[in-house]
Amino acid sequence: MTALIDVDQLRTFIAIAETGSFTRAAEVVNKTQSAVSMQMKRLEERLDRAIFARDGRASKLTEDGERLLDYARRIVKLNMETIAAFSDAELSGRVRLGVPDDYADRYLPEIMARFSRAYPGVELTVICEPSVDLLDRIDANDLDLAIVTDCESKRASETFRRERLLWVASNRHPTHMEEPVPLALGRPTCSWRRAAIEKLDSIGRPYRILYSSSNAGAVAAAVLAGLAVSILPESGLRPGMRVLAAADGFPELSSCRIGLVRNAHESSALADALAEHVVSSLDNLSEQQAAE
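All you need for the numbering used here is the position in the sequence shown, starting with 1, plus 528.
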């Protein structure tokens, strides 16, 4: 009989593919680096294929590794769904989730609805703050799980979504044509704020920061009122906004990564179940967007 692939090895493989590093993947799956290396050695032996190609300090996937990644994600996701289906009634207690308010309006209704239906006996505590503050809360053991953006430079995370960052303005006001262009951005620690400034500086376009807030609703209000231009992820677009492009004098922005960061010191079945529902909920939203 053909031996089956170890699901735990596949989960580690996905973490390496997402973080680009055995060291950072070890943090994600809460294993030692030597254990991660051994798992990948056994996985390659099982497949009789090389799935990693060393590129300096980074670990890139070979062509066979890229093929495996899609299968691995589907297998791990189905495994988690199966476990959840047969353990829902046994789970109770409280689980704490952190979400940046940039995504709260778009993501939380779907996540909360699915999770509450599956685990009616679980109390879900949600905290909405900027990603940098959520990471601090993870370190302080105030959260079990956090959805964060642009975290790859400082923290290992399980990336589950990528979105384009877009320049946005009111579709009823010519704010984007003003010189210097007024901006509504996050706090100085916000990576999106830095990206916006760097892009405008690179083309020599004058600007002034008119509004600064860590609250996405406040930034959106300034945009919709025709007071300023800002940057938002695709899922953050609201009725009444228009997307600005190079033809409007705004250079293309890079995409942002959205990932899950777990509390390594408080691993629990509830946190694992919530993580599965977060990813499943966003998959469902992506399917809805594609249908629209």
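Ideal Cβ positions, reconstructed from N, Cα and C, are used throughout, including at glycine. Nothing here was measured: the structure is a model prediction, and the numbers come from that model.
Check	Outcome
Between which two residues does the beta strand (DSSP E) holding G626 run?	G621 to V627
On the criterion of 16 or more Cβ atoms from any shown chain inside 10 Å, does N791 qualify as buried, or is it exposed?	buried
For my contact list, V771 and W695 are in at a C-beta cut-off of 8 Å; report their separation, rounded to the angstrom.	7 Å
Look up K517 in the DSSP assignment and say whether it is helix, strand or coil.	Outside the displayed range of the chain (529 to 820) lies residue 517, so it cannot be described from this structure.
Look up T551 in the DSSP assignment and say whether it is helix, strand or coil.	helix
Is the beta carbon of A749 less than 8 Å from the beta carbon of P710?	no
For a test of the three-state rule: what should DSSP assign to Y647, helix, strand or coil?	coil
With DSSP as the reference, please indicate the residues paired to W695 in a beta bridge.	I759 and L772
Going by CA-CA distance only, name the one from V556, N607, D536 and T551 that's closest to G787.	V556
Could you name each continuous alpha helix (DSSP H) segment of 4 residues or more that falls completely within the stretch 690–748, going from the start of the chain to the end?	719–731
Mind checking who L788 pairs with in its DSSP beta bridge?	I675 and E686
DSSP state of S659, grouped into three classes?	helix
Using only the alpha-carbon positions, how far apart do A646 and Y739 sit?	41 Å
Can you tell me whether DSSP reads F541 as helix, strand or coil?	helix
Exposed or buried, which one is I731 when buried takes at least 16 other CB atoms within 10 Å?	exposed
Can A543 and E686 be called in contact, C-beta distance under 8 Å?	yes
Excluding five sequence neighbours on each side, which residues of the same chain lie with their C-beta closer than 7 Å to the C-beta of S763?	Y631, R634 and E691
Rounded to the nearest angstrom, what separates S796 and E572 at their Cα positions?	30 Å
What do you reckon, are the CB atoms on P767 and K727 nearer than 8 Å?	no
Alpha carbon to alpha carbon, how far is A712 from S565?	46 Å
Counting C-beta neighbours from all protein chains within 10 Å, is the total for L693 16 or more, i.e. buried, or is it exposed?	buried
For R582, name the three-state secondary structure that DSSP assigns.	strand
Looking at the structure shown, is S808 part of a helix, part of a strand, or coil, going by DSSP?	helix
How about R574 and I533: are their beta carbons less than 8 Å apart?	yes
Mapping the DSSP letters down to three states, classify E546 as helix, strand or coil.	helix
Going by beta-carbon coordinates alone, are L589 and L597 separated by less than 8 Å?	yes
Tell me whether S782 sits in a helix, a strand or coil according to DSSP, three-state version.	coil
Can you give the Cα-Cα distance for S782 and T653, rounded to whole angstroms?	32 Å
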